[in-house]
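What follows is a set of notes on a single structure, which appears directly below.
Numbering (full-length UniProt numbering), first residue to last: 1 to 285.
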């Protein structure tokens, strides 16, 4: 794999943190949010479509147009410009998993649940030329509009997908269990009912599937549709970054949190992002 396609400009705002406190930004967090998607501000159950300046490769196809939804995910559009078969990014994927696994186009769900921007929050898009960043900044829950969550999805030109979480209902009296009345789906899906891996995303794995995900079943363990899952109180990805890297047969998952930051996992993650500089400067082979 070549590391010379990530530019200095594209990495300018990307935090690579070592030994940070548990309340700091996640290990890889883009601070330059870019343009606010103003047509989503104040909305609930809505999406807006954006175009990337590069083609993003995934599961043997390439995409450069994505619908960005208020409910915590993005979905590639089809040749008619539709966000999958239902032209929507639903809030209840955990209870209607077919909409995640087989909606016709790839769906990347960082925090797929019932969120709302009616009272709080903004969604942003930034395109660095070889990296696209989507940020949900202090968006509310549809149940508790003042309970806020912040997270990101980043797409890299070489096919990596990065999720980062920077405060998920983390104030006093808030939690994924108390602040939501829906379950949660987190992961990537080819949208074709193909091979899948139901995986604990807080640990590393190598998967021979293009669909890799985890789900939490609202207030009752194993009440999700089709597959098992803990209740929302078990959501454990806050203050973490999760990197999905294509391996030729599926995706490897590398998870980095504040405590484990100075580790081989972090080094491999930075290799995809930061060592590109060294390659451009001929400091590595």
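Heads up, the beta-carbon is just placed ideally off N, CA and C, and yes, glycines get one too.
Please read these numbers as outputs of a predicted model, since none were measured by experiment.
The segment 50 to 124 contains, as complete beta strand (DSSP E) runs of 3+ residues, the segments 61 to 69, 73 to 76, 107 to 112 (chain order). Inclusion of residue 173 and residue 53 in the CB contact set at 7 Å is not warranted, their separation being larger than that value.
When 184, 194, 30 are compared, the shortest CA-CA separation from residue 110 is found for 184. DSSP places residue 208 in no beta strand (DSSP E); its state is neither H nor E. Non-local beta-carbon contacts of residue 136 in its own chain, meaning distances under 6 Å to residues more than five positions away in sequence, involve 123, 151 in chain order. With respect to residue 238, residue 165 sits close: the two C-beta atoms are nearer than 7 Å. Per DSSP, the beta-bridge partners of residue 246 are 251. Pairing residue 42 with residue 117 gives a Cβ-Cβ distance under 7 Å.
Exclusion of the five residues before and after residue 99 leaves 90, 93 as the residues of its chain whose Cβ lies within less than 6 Å of its Cβ. Under a 10 Å Cβ-count criterion, residue 211 is classified as buried, with 16 or more other Cβ atoms of the shown protein chains found around its own Cβ. Across the set 242, 160, 205, 226, the C-alpha of 226 shows the shortest separation from the C-alpha of residue 101. Distance between residue 145 and residue 120, taken at the CA atoms: about 7 Å. Listed in chain order, the non-local C-beta contacts of residue 55 below 6 Å within the same chain comprise 62, 64, local neighbours out to five positions each way being set aside. With a 10 Å radius around the Cβ and a threshold of 16 neighbouring Cβ atoms, residue 32 comes out exposed. Spatial neighbours of residue 234 in its own chain (CB-CB distance under 7 Å, excluding positions within 5 residues in sequence) are listed in chain order as 216.
CA-CA distance, residue 141 to residue 147, rounds to 6 Å. Residue 206 counts as exposed, since fewer than 16 other C-beta atoms from the protein chains shown sit within 10 angstroms of its C-beta. Here residue 40 is actually not in contact with residue 77; their C-beta atoms are around 16 Å apart, not less than 8 Å. When the Cα atoms are used, residue 139 and residue 149 turn out to be separated by approximately 5 Å. For residue 166, the enclosing beta strand (DSSP E) has its first and last residue at 161 to 168.
Separation of residue 67 and residue 221 (C-alpha to C-alpha, rounded to the nearest whole angstrom) is 31 Å.
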